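S.K.:
Residue numbers (the numbering used here): 107 to 623.
1) With respect to the alpha helix (DSSP H) encompassing residue 577, which residues constitute its N-terminal and C-terminal limits?
2) Checking the sheet assignment: what are the DSSP bridge partners for residue 615?
3) Starting from the Cα of residue 531, find the closest Cα among 490, 518 and 475 and give me that residue.
4) Please classify residue 224 as buried or exposed, where buried requires at least 16 other C-beta atoms within 10 Å of its C-beta.
5) On a CA-only basis, which of 472, 501, 207 and 502 is nearest residue 459? Give me that one, please.
6) Please classify residue 191: is it buried, with 16 or more other beta-carbons within 10 angstroms of its beta-carbon, or exposed?
7) Does the region 334 to 343 touch the region 395 to 404, meaning 3 or more C-beta pairs lie closer than 8 angstroms?
8) Using a threshold of 8 angstroms, state whether the C-beta atoms of residue 566 and residue 512 are closer than that.
9) How do the region 589 to 598 and the region 278 to 293 stand: do at least 3 beta-carbon pairs fall below 8 angstroms, yes or no?
10) Measure how close the beta-carbons of residue 140 and residue 523 come, nearest whole angstrom, since I'm counting them as under 8 angstroms.
11) By how many angstroms is the C-alpha of residue 392 removed from the C-alpha of residue 217?
12) Who are the Cβ neighbours of residue 160 in its own chain at under 7 angstroms, not counting the five residues just before and after it?
13) How do the region 145 to 160 and the region 432 to 450 stand: do at least 3 beta-carbon pairs fall below 8 angstroms, yes or no?
14) Evaluate the contact criterion for the region 574 to 586 versus the region 600 to 617: three or more CB pairs, one atom per stretch, below 8 angstroms.
15) Can you pull the DSSP bridge partners for residue 160?
16) For the region 503 to 544, list the alpha helix (DSSP H) runs that are entirely contained and at least 4 residues long, ordered along the chain.
17) From residue 262 to residue 245, what does the alpha carbon distance come to, in whole angstroms?
18) Just the C-alpha distance for residue 502 and residue 375, rounded to the nearest angstrom, thanks.
19) Enumerate in chain order the residues of its own chain whose CB-to-CB distance from residue 347 is below 6 angstroms, with the five nearest sequence positions on each side excluded.
20) If we call anything under 8 angstroms between Cβ atoms a contact, is residue 205 one with residue 417?
21) Apart from the five residues on each side of it in sequence, which residues of its chain come closer than 6 angstroms, Cβ to Cβ, to residue 355?
22) Pairs of beta-carbons, one from the region 380 to 397 and one from the region 420 to 432, closer than 8 angstroms: are there three or more?
23) Are three or more beta carbon pairs between the region 318 to 327 and the region 297 to 308 nearer than 8 angstroms?
24) Please list, in chain order, all residues of the same chain as residue 428 whose beta carbon is under 6 angstroms from its beta carbon, the five residues on each side excluded.
25) Below 8 angstroms on the Cβ atoms is my contact criterion, and I expect residue 473 with residue 313 to pass it. Report the Cβ-Cβ distance as a whole number of Å.
26) The alpha helix (DSSP H) spanning residue 326 covers which residue range?
27) Which class does residue 407 belong to by DSSP, given the choice of helix, strand or coil?
28) So residue 620 is in the alpha helix (DSSP H); what residue range does that whole segment cover?
29) Taking 8 angstroms as the threshold (C-beta atoms), are residue 504 and residue 536 in contact?
30) Cα-Cα, which of 506, 158 and 212 is closest to residue 444?
31) Please identify the residue among 573, 388 and 153 whose C-alpha is closest to the C-alpha of residue 426.
32) With burial defined as no fewer than 16 other Cβ atoms inside 10 Å of the residue's Cβ, what is the status of residue 135: buried or exposed?
33) Quick one: grab the DSSP three-state call for residue 248.
34) Quick check on residue 192: does DSSP put it in helix, strand or coil?
35) Checking 8 angstroms against the spacing of the C-beta atoms, do residue 612 and residue 342 come in under that value?
Below is the structure:
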């Protein structure tokens, strides 16, 4: 009776979460409403004479000094003229736009030819029994470099693999889904999300520091360490918590794990050889002391053409491997096929473009009003006054993000809203934009797997129902909840250790911030 009552309570909570999330407008509409709200608030604040003073860089004098910022009325004639005349430039100049489009060209070819899917399948099929769970989770994490590939290919494949080893298929689904979605911000490589987050973080940081740039590789070191964390934790939760609760499964109608075809094997050979050649060329351009892609003045790598062009070089990596896989697998016959795959990949960004258009307008209005700076400085001063800084603040921000993620599932939308406030606020408290971005990504990833409004959550429910007709949203959330809890706790502990040791989050990406000119 008590168990039934718990299920009823859990079901009511899930129903409330789903209802509250569905009541929210589309992210694009949300940004439009936020822009209107910003205009109204700016009018009130300007009339009240709201202002703040902080220590920052004065572009006119070229010195660090006290700067006073006043609220700007966005409903004034001058402000309206400015907003109207910058609509196009705000969109085209949005930092994340070009970087995301660049890398998606290469990823689109690698995904469209079937290279990434074949690679995941081949690695999974070759997995020994005792490493099955770990490999499924790990491949799930790695698959997020190609956006939806993991959800569509690896999640159902996880179930088939587990069945092949006489293990419960839903445990395989859960392990794969945990890796793909819960490990969304972990990877050994730079993916499509990294330039998007970096672009939004850069624009937010420049509210206080006009020269600050957050690189797409800003969280790379932490992401690599997180990959192993998620793999270890995901394996433990699957084997020790999730699968034992699932009970027995009838293997009467077992599905077979199909290997890759002869054409696909030839494509893999072509891709492997050309990828090795590409990497050898890149090493020759970077490793020697006077290499072409090093800084021509200092000979360094961190501030060099290589780092500045890292997104282009990553795009080429995906493009080269995908292109030659397609040639070997007889998927690509001419240049038109390659362009079609690029067009298809770009067309998949249509919703992203709509979102970015409205996000850019909100960003411009918010920045021009000075409300971002005012809220950030005031918030930072308040937190200083009560002594709520450092690790307690960072951990609280991770948990706050994890909770918000359940209701607003689009990661770029949440960050575009939160970054203009929290990035400069944390900068005022001596925390780098790279740190703020990393902590956001922890919270954003950990609760993906229990967020009913996450775009691929419904697809995962359908996969569950294939093996258990009674499964629904509540069943999936109940199965995935242990992953979410353990991921969040494990990630927070990893970050605390990282913070205390003082390790950089990525190349040239420190934990702490101070004005330097």
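Where is the CB? At the ideal position from N, CA and C, for every residue including glycine. None of the values given here were measured: they were computed from a predicted structure.
M.R.: Reading off the structure:
1) In the DSSP annotation of this structure, residue 577 is not part of any alpha helix (DSSP H), being labelled neither H nor E.
2) 612
3) 490
4) buried
5) When C-alpha distances from residue 459 are compared across 472, 501, 207 and 502, the shortest belongs to 207.
6) Counting the other CB atoms within 10 Å of its CB gives residue 191 a total below 16, which places it among the exposed residues.
7) Touching, no.
8) no
9) yes
10) 7 angstroms
11) 28 angstroms
12) Excluding the 5 residues flanking it on each side, residue 160 has same chain C-beta neighbours closer than 7 angstroms at 173, 483 and 534, in chain order.
13) no
14) no
15) 173
16) 517 to 534
17) 13 angstroms
18) 48 angstroms
19) 588
20) yes
21) 274
22) Verdict: yes, contact present.
23) yes
24) 215, 216, 219 and 221
25) 6 angstroms
26) Per DSSP, residue 326 belongs to the alpha helix (DSSP H) from 326 to 343.
27) coil
28) Taken as a continuous stretch (DSSP letters only), residue 620 belongs to no alpha helix (DSSP H), as it is neither H nor E.
29) no
30) 212
31) 388
32) So residue 135 counts as exposed.
33) helix
34) coil
35) Taking 8 angstroms as the Cβ cut-off, residue 612 and residue 342 do not qualify as a contacting pair.
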